[in-house]
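In this text, residue positions in the sequence shown follow UniProt numbering: the first is 1, and each later residue adds one. Virtual Cβ for every residue (Gly too), placed ideally from N, Cα, C. Quantities reported herein were computed from a predicted structural model and do not represent experimental measurements. One structure is given here, and the rest of the page talks about it.
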Amino acid sequence: MSMQRPVKITLIIVLILVLVAGGWYFFKVYKGENENPVSGLKPKVELGIGQVSNITDSTVDVKLNLLIHNPLPVGFDLDGFDYFVTMNDKKIVENNYEKPLALKARDSSAIELPAQLKIKNISEIGDAATERGEDSANYHFETVFHLKKPLLGKDSITLSVDKRLPLWQLPKVEVAGYDVEKFRLSKSEIVLQLKFTNRNSFPIQFKNPSYVIDLGKQKRLAEGSVKGFTKVKGKSSEIYEIPLAIDMGKILKAAGQIIVNGKDIPFTLYFKSVLVSENDIFKDSDVNVVVNGELKDMATVQKNLGN
């Protein structure tokens, strides 16, 4: 009996040491890795750039994929959250998510955030990075979760994430020229030269592009389309000649404007297509670009209109 008591005492001491070691491990490792001044455990966010859905001459619509990890042993409800995204330290997105959101305990939630970017802003960032020879950019995402009920005396949680991601450049569509020799009453088409520029390392294709031209006040003077794919290699520009069918009655209406205004007569090109690429971001993206300009070589046009 005298030997059993020391054994029991030893077992109790060992058990206490195990419990102390386990508590120390939890505090140092688990709590240390997830520490947050709000809750003692830190939810995390991950951001991904999804598919571009529409490109215009001034904006681009893109989907942001947000993944929220909640390591807390309890869930909590959000009334929504504010967020912004910077690219190379310049803000490109600022918006809010107004729908209620329930974050379950020890679970993750995926959210799709629609965003609209200004092409001018992202083009300036892209041009500067390209001049430096860079093909990637620093992205910073920051969000403020608005808690439906206060958590440890706080009514909001601020989270952020930084990532280095590839620099994707939007394709450009420009009017490079036109064949005015075929712009005459005896002809029914004009050949328009379009310049497609792709500054990405991967190729892109324009599927079934179509075109409409307004000349001065005359709407839909010429229309045309190309069936199939117009391919532009990576890091290159291509010029394609596009035949446009012309309504002869509309030419007569536009003739007076051409004679009066000469080279200053404005035109507007409406370009529509579907973007096809091996890159998922540009896969099946709609392109709706408006190009404005002025016809310059009006002497030949006026002469041909008289024939």
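- The C-alpha of Ile-125 is placed about 13 Å away from the C-alpha of Gly-133.
- Residue pairing by DSSP puts Asp-286 in a beta bridge opposite Asn-54, Val-274.
- Here Ala-245 is exposed: its Cβ has fewer than 16 other Cβ atoms, across all protein chains shown, within 10 Å.
- For the set Pro-43, Ser-277, Asn-95, Gly-80, the Cα lying nearest the Cα of Lys-63 is the one of Asn-95.
- By the Cβ-count criterion, Asn-198 is buried, with 16 or more other Cβ atoms from all chains shown falling within 10 Å of its own Cβ.
- An exposed status is given to Ser-58, since fewer than 16 other beta-carbon atoms sit within 10 Å of its beta-carbon.
- Only residues of its own chain outside the window of five on either side were considered, and among them Gly-126, Arg-199, Asn-200 have a CB closer than 6 Å to the CB of Gln-169, listed in chain order.
- When DSSP assignments are scanned along the region 67–152, the uninterrupted stretches of beta strand (DSSP E) that are 3 or more residues long and fall wholly within it turn out to be 76–87, 90–97, 101–103, 107–118, 136–151.
- Excluding the 5 residues flanking it on each side, Val-290 has same chain C-beta neighbours closer than 8 Å at Thr-56, Asp-57, Thr-268, Leu-269, Tyr-270, Phe-271, in chain order.
- Looking from the CA of Gly-177, the closest CA among Val-191, Leu-167, Pro-171, Leu-221 belongs to Val-191.
- Beta-carbon to beta-carbon, Lys-195 and Glu-174 are separated by about 5 Å, close enough to satisfy the 8 Å threshold.
- Taking 9 Å as the cut-off, the Cβ atoms of Ile-281 and Val-85 do not count as close.
- Taking a 10 Å sphere around the C-beta of Ile-239, we find fewer than 16 other C-beta atoms and assign the residue as exposed.
- Contact check between the region 62–81 and the region 94–114: three or more CB pairs, one atom from each, fall below 8 Å, which counts as touching.
- For Ser-201, there is no enclosing beta strand (DSSP E), as DSSP marks it with neither H nor E.
- Straight-line measurement puts the Cα of Asn-65 at about 39 Å from the Cα of Glu-241.
- Around the CB of Pro-150, fewer than 16 other CB atoms lie within 10 Å, so the residue is classed as exposed.
- Nearest in C-alpha terms to Asp-286, of all of Leu-221, Ala-129, Gly-234, Pro-209, is Pro-209.
- For Lys-219, the uninterrupted beta strand (DSSP E) run begins and ends at 218–225, by DSSP.
- Beyond the five residues adjoining it in sequence on each side, Ser-156 comes within less than 7 Å, by CB distance, of Val-144, Phe-145, His-146, Leu-147 in the same chain, given in chain order.
- Between Gly-50 and Glu-112, the C-beta gap is smaller than 9 Å, which places the two residues in contact.
- For Val-232, the closest of Pro-203, Val-212, Ile-213 by C-alpha to C-alpha distance is Pro-203.
- In the DSSP assignment, Ile-281 falls outside any beta strand (DSSP E) and carries neither an H nor an E.
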